[in-house]
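Some notes on the structure that comes next.
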Amino acid sequence: QVQFVESGGGLVQPGGSLRLSCAASESIFRIFAMGWYRQAPGKEREWVAHITSGGGTNYADSVKGRFTMSRDNAKNTVVYLQMSSLKPEDTAVYYCNKFPELGYWGQGTQVTVSS
Numbered sequence: 243q244v245q246f247v248e249s250g251g252g253l254v255q256p257g258g259s260l261r262l263s264c265a266a267s268e269s270i271f272r273i274f275a276m277g278w279y280r281q282a283p284g285k286e287r288e289w290v291a292h293i294t295s296g297g298g299t300n301y302a303d304s305v306k307g308r309f310t311m312s313r314d315n316a317k318n319t320v321v322y323l324q325m326s327s328l329k330p331e332d333t334a335v336y337y338c339n340k341f342p343e344l345g346y347w348g349q350g351t352q353v354t355v356s357s
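Per this note's numbering, residue 243 is the first one in the sequence shown, and the count goes up by one each step.
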């Protein structure tokens with residue numbers, strides 16, 4: 243089964259930026275839509291953004307205009323989430339997965355927005 247490895251998280255001040263990466267163990271991005279999700283402490287995991295096999299993107303209202311999802315068209319195994327104007331409420335563990343998601347998750351990458 244395909245596996246996902248997220249990276250790029252860290253501690254950033256409000257208003258700062260981070261770029262997350264997700265590497266899949268198989269080249270599936272040309273076939274399936276891929277999504278970014280996040281889970282804040284004490285909250286349910288939520289959808290953040292997704293990119294279709296055709297390259298179209300959609301974003302949750304809470305991140306629209308601040309986050310940009312893209313993929314590496316040469317590799318077909320890497321997707322990115324460029325996050326700007328970060329807010330404390332963006333603090334969460336971020337995961338990538340197929341969209342809609344599969345029944346399992348990678349370890350995620352922690353993003354902490356704090357001064």
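The beta carbon of each residue, even a glycine, is placed where N, CA and C say it ideally should be.
Predicted, not measured: the structure shown is a model, and the values here were computed from it.
Proximity below 8 Å, CB of residue i to CB of residue j
i: E248; j: G345; result: no
i: S269; j: G250; result: no
Run of the beta strand (DSSP E) containing residue i, from where it starts to where it stops
i: S259; result: Looking at the DSSP string, S259 is not in any beta strand (DSSP E), and its letter there is neither H nor E.
i: E288; result: E288 to I293
i: A282; result: Here A282 belongs to no beta strand (DSSP E), and DSSP marks it neither H nor E.
i: Q352; result: T351 to V355
i: Y337; result: A334 to K340
i: Q324; result: V320 to M325
Distance between residue j and residue i (C-alpha atoms, nearest Å)
i: T295; j: A334; result: It is worth fixing the name first, because residue 295 is Ser in this sequence and not Thr. Whole-angstrom Cα-Cα distance: 26 Å.
i: G258; j: D314; result: 23 Å
i: Q243; j: S326; result: 32 Å
i: W278; j: K317; result: 18 Å
Burial state of residue i, where buried means 16 or more other Cβ atoms lie within 10 Å
i: D332; result: buried
i: L260; result: buried
i: N253; result: The sequence shown places Leu at residue 253, not Asn. Exposed is the call here.
Nearest-angstrom Cβ-Cβ length linking residue i and residue j, presumed shorter than 8 Å
i: P256; j: K329; result: 6 Å
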